[in-house]
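Undergrad:
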Amino acid sequence: MESIQLSKRLELVSLYIQPGARLADIGSDHAYLPCALAQKNLIEWAVAGEVVKGPYNKAKQEVSYRKLENQIEVRFGDGLEVIHSDDRIDTITICGMGGALIRDILQRGINNKILSRKEKLILQPNVGEKTLRTFLMNNHYKIINEEILAENDKIYEIIVAIPTDETIQYSELELTFGPFLLMNSSSIFKLKWSRELEKLLYIKEELKKSKEVDSMKENRLNREINQIMEMIK
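Using full-length UniProt numbering, the first residue of the sequence shown is number 1, and each one after it goes up by one.
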């Protein structure tokens, strides 16, 4: 049977999954990520979680078609609720959602004592990266790596984090731009923030047309613009 060709984004995510991992892929869609890893015997076992019936059924079909039922269990449920205590999950991937939604999924996992504080988190937010980094910092997760990539004219960030007993304190710049991405400042990083700068400059021009200017909003906007200009110069 032909092997699965992952998207560039999921391929990069897969590189951070340790061989022999017990994986929970949340919002698994077609279960492409766990299926690709299982085909190469790179994971011991996986649960593919979906909260929407359509993608859930497609994931079940994909796993069945690939004859991987012994290595992957597709479960219907909300977020981390698909993880059982006897699954011995050590790696969690949540990809292709907003940062605020990923944060909420993780927060419910903490509140409901599903997260054991041993799992490695590999997160790929489509937006809201700062929100997610702030959550990780406030809940004693240390970011150990980050990636940024362009695919189909979209730019994605990947955040890899592990639980720690240390007190984690990231600066405002690190929360906004990413502690690892800041250090590298790649061409894709600069492209992302150039695009963001264009949006903010447009908003600034529109604000000028308003009869009532919110000075707090204007100051915040100017601060964000100056931050970005400093980063991409």
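We put the CB at the ideal spot given by N, CA and C, even for glycine. On a predicted model such as this, the values are computed, not experimentally measured, just so you know.
So, is G20 buried or exposed, given that buried needs 16 or more other C-beta atoms within 10 angstroms?
TA: G20 is exposed by the Cβ-count criterion.
Undergrad: Using three-state DSSP, classify N184 as helix, strand or coil.
TA: Reduced to three states, the DSSP call for N184 is helix.
Undergrad: Return the chain-ordered list of same chain residues with a C-beta closer than 8 Å to the C-beta of I155, the five sequence neighbours on each side being excluded.
TA: These residues qualify, in order along the chain: I148, L149, I188, L191, K192 and R195.
Undergrad: Using the Cα positions of M183 and E146, report the straight-line distance between them to the nearest angstrom.
TA: Near 10 Å, if we compare the C-alpha coordinates of E146 and M183.
Undergrad: With H, G and I counted as helix, E and B as strand and the rest as coil, what does DSSP make of E157?
TA: Looking at E157 - three-state DSSP - the assignment turns out to be strand.
Undergrad: If you draw a straight line from the C-alpha of L200 to the C-alpha of M137, how long is it?
TA: Between L200 and M137, the C-alpha separation is close to 26 Å.
Undergrad: Considering only their Cβ atoms, is the gap separating A46 from P55 smaller than 9 Å?
TA: Against a cut-off of 9 Å, the Cβ pair of A46 and P55 comes out as no contact.
Undergrad: Spatial neighbours of K130 within its chain, please: C-beta separation below 6 Å, excluding the five flanking residues on both sides.
TA: Result list for K130: L175 and T176, in chain order.
Undergrad: Residue range of the alpha helix (DSSP H) that K130 falls in?
TA: From DSSP, the alpha helix (DSSP H) with K130 extends over E129 to N138.
Undergrad: Starting from R22, follow the beta strand (DSSP E) in both directions and report where the run begins and ends.
TA: Per DSSP, R22 belongs to the beta strand (DSSP E) from A21 to I26.
Undergrad: For G79 versus N126, is the C-beta spacing smaller than 9 Å?
TA: No; because the gap between Cβ atoms is not below 9 Å, this pair is not in contact.
Undergrad: Determine the closest residue to T164 out of I158, R66, L121 and N57, with distance taken between C-alpha atoms.
TA: The candidate whose alpha carbon is nearest that of T164 is L121.
Undergrad: Figure out for me which residue from K233, K67 and S28 has the closest Cα to the Cα of N57.
TA: Among K233, K67 and S28, the Cα nearest to that of N57 is on S28.
Undergrad: Using the beta-carbon count (16 or more within 10 Å), is V213 buried or exposed?
TA: Exposed, because fewer than 16 other Cβ atoms sit within 10 Å of the Cβ of V213.
Undergrad: Is it buried or exposed, residue 238, if we count other Cβ atoms within 10 angstroms and call 16 or more buried?
TA: Nothing about residue 238 can be reported from this structure: the residues present for the chain run from 1 to 233 only.
Undergrad: For Q107, report the span of its beta strand (DSSP E) as first-last.
TA: Here Q107 belongs to no beta strand (DSSP E); instead the alpha helix (DSSP H) covers G99 to N111.
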